[in-house]
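In the order they appear, the protein sequences are chains A and B. So the number in the working numbering is just where the residue sits in the first sequence, counting from 1, plus 5. So the number in the working numbering is just where the residue sits in the second sequence, counting from 1, plus 6. Even glycine gets a Cβ: it sits at the ideal position worked out from N, Cα and C. Remember, it's a predicted structure, so these values are computed and weren't measured experimentally.
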Amino acid sequence: MSAVTHARSDAADHAVEGRVFGMVGEFDTPHDILEAVKAVRAAGFTCIDTHTPFPIHGMDAAMGLRPSILPFMVLAGGLTGTVSAFALQWWMNAFDYPFRIAGKAYFSYQAYVPICFELTVLLSAFTTVFGLFALCRLPRPYHALFTHPRFARITDDAFMISIEASDPSWDEAKAREVLAKAGGKEITLIRDLEP
Amino acid sequence: MSADSRAGSAILEPEPLLENNPSLHSITEAICAPAELPVEKTPIGWIISFMLALGLLGVFGLSVGMLLYKGIGIWGNNQPVGWAWDITNFVWWIGIGHAGTLISAILFLFKQKWRTSINRFAEAMTIFAVVCALQFPIIHTGRPWLAVYWLLPLPNQMSMWPNFRSPLMWDVFAVSTYGLVSLLFWYVGLIPDLATLRDRAKGKVRQVLYGVFAMGWRGSNRHWQHYEKAYLILAGLSTPLVLSVHSVVSFDFATSVLPGWHATIFPPYFVAGAVFSGFGLVMTLMVLAREFYGLKHLVTLRVLENMNKIMLVTGTMVGYAYGMEFFIAYYGGNPYELFTFKNRAFGPYWWAYWSMLTCNVISPQLFWFRAIRRSVPAMFVISIFVNIGMWFERFVIIVTSLHRDFTPSAWGYFRPTLFDIGTYAGTMGLFFTLFLLFLRFLPMIAISEIKGVSPYADPHGKHGHDHDHEHEKESH
Chain A
6 MSAVTHARSD
16 AADHAVEGRV
26 FGMVGEFDTP
36 HDILEAVKAV
46 RAAGFTCIDT
56 HTPFPIHGMD
66 AAMGLRPSIL
76 PFMVLAGGLT
86 GTVSAFALQW
96 WMNAFDYPFR
106 IAGKAYFSYQ
116 AYVPICFELT
126 VLLSAFTTVF
136 GLFALCRLPR
146 PYHALFTHPR
156 FARITDDAFM
166 ISIEASDPSW
176 DEAKAREVLA
186 KAGGKEITLI
196 RDLEP
Chain B
7 MSADSRAGSA
17 ILEPEPLLEN
27 NPSLHSITEA
37 ICAPAELPVE
47 KTPIGWIISF
57 MLALGLLGVF
67 GLSVGMLLYK
77 GIGIWGNNQP
87 VGWAWDITNF
97 VWWIGIGHAG
107 TLISAILFLF
117 KQKWRTSINR
127 FAEAMTIFAV
137 VCALQFPIIH
147 TGRPWLAVYW
157 LLPLPNQMSM
167 WPNFRSPLMW
177 DVFAVSTYGL
187 VSLLFWYVGL
197 IPDLATLRDR
207 AKGKVRQVLY
217 GVFAMGWRGS
227 NRHWQHYEKA
237 YLILAGLSTP
247 LVLSVHSVVS
257 FDFATSVLPG
267 WHATIFPPYF
277 VAGAVFSGFG
287 LVMTLMVLAR
297 EFYGLKHLVT
307 LRVLENMNKI
317 MLVTGTMVGY
327 AYGMEFFIAY
337 YGGNPYELFT
347 FKNRAFGPYW
357 WAYWSMLTCN
367 VISPQLFWFR
377 AIRRSVPAMF
387 VISIFVNIGM
397 WFERFVIIVT
407 SLHRDFTPSA
417 WGYFRPTLFD
427 IGTYAGTMGL
437 FFTLFLLFLR
447 FLPMIAISEI
457 KGVSPYADPH
467 GKHGHDHDHE
477 HEKESH
């Protein structure tokens, strides 16, 4: 089947099936997909992603991703925990209703340490998990890629590269060609069913 | 690699983490199979176990119902033994939980790849053990619906706040933080595997249920990037947390002025004991599960042997602490302290002390022998001994320190009542009910993580490695 006939049928389907989301290609091994991503980037595509059953070492560098900002969010969350735990204990036991027990000072900051630590950990953990969801834009029940019949295999043993149509240098034929050249199989055009 | 060449190279190459070099798809199949069985094919062994667990859960319901109806007088604790089975069981359960966090967090930070075959299992065990542990402080208050005002800093009719200078208050925060963080850690680890179950689901109900909890995970590397960072941070947070939880539990005792409790060795001694007992229970359950579900090629003998080594180390640490306690009682020159320890070993509760010593100190020493370390029946029996011994340890610390007060007129002897026993046995029912549901509906081994350590995952080679790569995989 030639690229021309494909393009024509895609155009014909366009009105019925929604706008083009991007092009997806499949690879056999972590090694293959790592090399292929480098080739796709070298061809000038930037809105790319890889979909794999487990994280692949070296993929962040191959895709040119900047380091995650999650640690800084967690630092802020953790400090909030420390400060609020200290303030809570001081306000309750030394300011709002001071009471003497076992001869200890009202403001016994040494005794506040364990709870300061626990709340630091608790708020850091909450920030980590909900920060992760926010950075990944999850939960996301629908995504155009889920319409791809072979996509379910990426949680099993398939390795896929997607080039999105929002890419500034998007060109359908070029995307298909680059993926094929990099060793991609089952190269498929994905349409977004949502308007 | 043939059997001959494997034997020949055994001295030079590490034993593989996974046997028979399973393909990625076969890993998915092996782990998902137990969770995907149709209802009518539920194994008979599972049904019988579940019925037994539900029966025990019923015993728990009855015991707690009676407690709420009559009050805590139905338990055997009374002066001078004001704390008895309730706190013994609490400390025992919370200690068991520690193995899960140790495996998922500390072994992760030390890059011990063998942890991937047992971490999901151990984390589940942690959460269910914490759930069981929490029952005791909640119900021992007698009126749990009011206890929320005594345990948490909430505005109440007395216009008073809890006393943050008390270790019991620290305990509330430590244990609830531990429970929540363990749950988050477990859930984050489950997301990619829930997506696997979603993608393989045959029916609509399964697809939607797993789909909701998988939150639309699509294995994107832009997500994996944050995910791996989050996992590392959670491991980093859980490591000091797990050390702090049992330290804080030990403060409940150590900050008092009671001979037998007032000791600076308590925090490390409690943490070592907690890890020891937790590995004991993981071992007991894992030996059964890998046999029953045919997961021997994923949870290999090498993994079990490593766990036995950790039990040997922590068991020896616990033995050292027992010895050191006695030495300090003698060397410290405090007659009350010395009496407490003599009373522990040779007083009315001598049977508890020597049971503890036999189970905790002597039985793990058998793991010095390689043949015992690698014998599944032996490790199964020893792991049960460890669980019994660690329960006795908490009983010994708590009851023998209390039952002979400073004045002999206040001496007493604690005996558990039927309700003490019923409540404890009942929490076993609660634990096994939750655990069996986990085995039935969730992947008991972390699928994406175990794929990550399989030979196929190495991006620097192609297919067909016969051994796992122990070398550091640096990203370029």
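Output needed for Phe425 (chain B): all residues of its chain with C-beta closer than 8 angstroms, excluding positions within five of it in sequence on either side, in chain order. Within the same chain, Phe425 (chain B) has close Cβ partners Ser69, Met72, Leu73, Ile80 and Trp81.
Leaving out five residues on either side along the sequence, give the residues of the same chain with a beta carbon under 8 angstroms from the beta carbon of Tyr117 (chain A). Within its own chain, the residues whose Cβ lies closer than 8 angstroms to the Cβ of Tyr117 (chain A), once the five positions on either side in sequence are excluded, are Ala90, Phe91, Gln94 and Trp95, listed in chain order.
Cβ of Asp258 (chain B) within 8 angstroms of any chain A Cβ: Taking a beta-carbon distance threshold of 8 angstroms, Asp258 (chain B) does not count as an interface residue toward chain A.
Rounded to whole angstroms, how far is the Cβ of Pro370 (chain B) from the Cβ of Met317 (chain B), which I believe are closer than 8 angstroms? Pro370 (chain B) to Met317 (chain B), Cβ: 5 angstroms. Contact.
Distance cut-off 7 angstroms: Gly189 (chain A) Cβ against heavy atoms of the ligand ATP: Summarising the ligand content, the structure contains no ligands, and the ligand ATP is consequently not present.
Could you check where the beta strand (DSSP E) with Thr55 (chain A) kicks off and where it finishes? Counting along the chain, the beta strand (DSSP E) containing Thr55 (chain A) begins and ends at Ile53 to His56.
Rounded straight-line distance, which links the Cα of Pro161 (chain B) to that of Ala157 (chain A): For Ala157 (chain A) and Pro161 (chain B), the distance between alpha carbons rounds to 51 angstroms.
Taking DSSP as the reference, what is the three-state secondary structure of Phe450 (chain B)? What sits at residue 450 (chain B) in the sequence shown is Met, not Phe. It is coil, neither helix nor strand.
Does the Cβ-Cβ distance between Phe32 (chain A) and Phe164 (chain A) come in under 8 angstroms? Remark: C-beta atoms of Phe32 (chain A) and Phe164 (chain A) approach each other more closely than 8 angstroms.
Starting from Val137 (chain B) and walking both ways along the alpha helix (DSSP H), at which residues does that stretch end? Segment Asn125 to Ile145, the alpha helix (DSSP H) holding Val137 (chain B).
Contact set between His229 (chain B) and chain A, taken where Cβ atoms lie within less than 7 angstroms: Within 7 angstroms Cβ-Cβ: Cys141.
Drop a sphere of 10 angstroms on the beta-carbon of Gln115 (chain A), count the other beta-carbons inside from all chains shown, and report buried for 16 or more, exposed for fewer. Classification for Gln115 (chain A): exposed.
Within 8 angstroms, strictly: CB atoms of His153 (chain A) and Val42 (chain A): In this structure, His153 (chain A) lies away from Val42 (chain A), with their beta-carbon atoms at least 8 angstroms apart.
Give me the chain A residues within the contact set of Thr202 (chain B), using Cβ-Cβ distance strictly less than 7 angstroms, ordered along the chain. In chain order, Thr160 and Asp161 make up the part of chain A whose C-beta sits under 7 angstroms from the C-beta of Thr202 (chain B).
Under the assumption that Ile37 (chain B) contacts Pro449 (chain B) (Cβ atoms under 8 angstroms), give the Cβ distance between them as a whole number of angstroms. The beta carbons of Ile37 (chain B) and Pro449 (chain B) sit about 5 angstroms from each other, so the pair counts as a contact at 8 angstroms.
Looking at the C-beta of Asn169 (chain B), does it have a partner C-beta in chain A at a distance below 8 angstroms? Yes, Asn169 (chain B) lies at the interface with chain A (some Cβ there is under 8 angstroms from its Cβ).
For Phe282 (chain B), tell me which candidate among B:Trp356, B:Met323 and B:Leu264 has the shortest Cα-Cα distance. In terms of CA proximity to Phe282 (chain B), B:Met323 leads the group B:Trp356, B:Met323 and B:Leu264.
Neighbourhood of Gln85 (chain B) by C-beta, 8 angstroms cutoff - its chain only, sequence neighbours within 5 removed: Hits under 8 angstroms: Ala416 and Gly418.
Using a Cβ-Cβ distance cut-off of 8 angstroms, determine whether Ser89 (chain A) contacts chain B. Ser89 (chain A) is outside the set of residues whose beta carbon lies under 8 angstroms from a beta carbon in chain B.
If we ignore side chains and look at the alpha-carbon of each, how far apart do Glu42 (chain B) and Met175 (chain B) end up? When rounded, the distance between both Cα atoms is 44 angstroms.
Residues near Cys365 (chain B) by beta carbon distance below 6 angstroms, same chain, minus five either side: Cβ neighbours of Cys365 (chain B) beyond the five flanking positions: Phe391, Ile394 and Gly395.
Looking only at its own chain, which residues have a Cβ that is under 6 angstroms from the Cβ of Ile102 (chain B), when we skip the five neighbours before and after it? Only Ala135, Ser283, Gly284 and Leu287 meet the Cβ criterion.
For Arg380 (chain B), which residues in the same chain have their Cβ closer than 7 angstroms to its Cβ, ignoring the five residues on either side in sequence? Within the same chain, Arg380 (chain B) has close Cβ partners Leu307 and Glu311.
Provide the residue span of the beta strand (DSSP E) that contains Lys5 (chain B), from first to last. In the structure displayed, chain B extends from 7 to 482; residue 5 (chain B) sits before or after that span and is not available.
Contacts of Gly23 (chain A) in chain B (Cβ-Cβ under 9 angstroms): Here the premise fails: no neighbours, minimum Cβ distance about 18 angstroms.
Counting along the chain, where does the alpha helix (DSSP H) carrying Glu177 (chain A) start and finish? Glu177 to Lys186 is the span of the alpha helix (DSSP H), which, as asked, contains Glu177 (chain A).
Less than 8 angstroms between C-beta atoms, sequence neighbours within five positions excluded: which residues of the same chain meet that for Glu399 (chain B)? Take Glu399 (chain B), set aside five residues on each side of it, and the residues of its chain with a beta-carbon closer than 8 angstroms to its own are Gly279, Val324, Met362 and Asn366, in chain order.
Is it a yes or a no for the segment 454 to 463 of chain B touching the segment 59 to 76 of chain A, going by three-plus beta-carbon pairs under 8 angstroms? Taking a cut-off of 8 angstroms on C-beta distances, the segment 454 to 463 of chain B touches the segment 59 to 76 of chain A, as three or more cross pairs fall below it.
Going along the chain, which residues of the segment 120 to 133 of chain B sit with their C-beta nearer than 7 angstroms to a C-beta in chain A? Residues passing the 7 angstroms Cβ filter: none.
Looking at Val45 (chain A): is its Cβ nearer than 8 angstroms to the Cβ of Ile192 (chain A)? The Cβ-Cβ distance between Val45 (chain A) and Ile192 (chain A) does not fall below 8 angstroms.
For Met164 (chain B), which three-state DSSP category applies? Secondary structure at Met164 (chain B): coil, using DSSP grouped into helix, strand and coil.
My assumption, with CB atoms under 8 angstroms, is that Val255 (chain B) sits in contact with Ile100 (chain B). Please give the rounded CB distance. Indeed they touch by this definition, with Cβ atoms about 6 angstroms apart.
With 8 angstroms set as the bound, which would you pick, yes or no: does the beta-carbon of Arg12 (chain B) sit closer than that to a beta-carbon of chain A? For Arg12 (chain B), the pLDDT reaches just 47, beneath the cut-off of 50, and the residue's location in the model is therefore unreliable, although a value from the coordinates is still provided. False, the Cβ-Cβ gap to chain A never drops below 8 angstroms.
Nonlocal neighbours in the same chain, by C-beta distance under 7 angstroms from Arg376 (chain B), ignoring five residues either side: When the five nearest sequence neighbours on each side are left out, no beta carbon in the same chain lies closer than 7 angstroms to the beta carbon of Arg376 (chain B).
Give the residues of chain B in contact with Val79 (chain A), contact being defined as C-beta atoms less than 7 angstroms apart. Ile239, listed in chain order.
Pick helix, strand or coil for Arg376 (chain B), following the three-state DSSP scheme. In the displayed model, Arg376 (chain B) falls within a helix according to three-state DSSP.
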